[in-house]
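Participant: Dumping the structure here so I can ask a few things about it.
In my numbering, the protein residues as written are 551 to 633.
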């Protein structure tokens, strides 16, 4: 089944509450952040939804809800899914 999407892509940090996207890249020069992303199972091709933005980011990724800080959210790039 084809998932409708737009070409728009951005950092997860810029998404609004309830926005959903497909992870296209995890960009960080910081080895600690890359290790955190790997340990949380955040990888390209996974669908991610923003459930909360303040005081910390709460996301749903792969059926699991998890909390991440802004620095990690800034490192995750997504292609926004319409609807």
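Each residue gets a CB set at the ideal place from its N, CA and C atoms; glycine is no exception. On a predicted model such as this, the values are computed, not experimentally measured, just so you know.
Can you give me the Cβ contacts of residue 591 inside the same chain, cut-off strictly under 8 Å, excluding the 5 residues immediately before and after it?
Facilitator: Taking the chain shown and counting its residues from 1, one reaches residue 591 at position 41. Closer than 8 Å at Cβ, skipping near neighbours: 611, 612 and 614.
Participant: Starting from residue 589, follow the beta strand (DSSP E) in both directions and report where the run begins and ends.
Facilitator: Walking along the chain shown from the start, residue 589 turns up at place 39. Residue 589 -> not in any beta strand (DSSP E); alpha helix (DSSP H) instead, spanning 581-590.
Participant: DSSP state of residue 565, grouped into three classes?
Facilitator: As a first step, residue 565 must be located in the chain shown, where it is residue number 15. Reduced to three states, the DSSP call for residue 565 is coil.
Participant: Assign residue 607 to one of two classes, buried (16 or more other C-beta atoms within 10 Å of its C-beta) or exposed (fewer than that).
Facilitator: Residue numbering aside, residue 607 sits at position 57 when the chain shown is read from its first letter. Buried: at least 16 other Cβ atoms inside 10 Å.
Participant: Which of helix, strand or coil does DSSP assign to residue 601?
Facilitator: Taking the first residue of the chain shown as position 1, residue 601 is located at position 51. Of the three classes helix, strand and coil, the one that applies to residue 601 here is strand, per DSSP.
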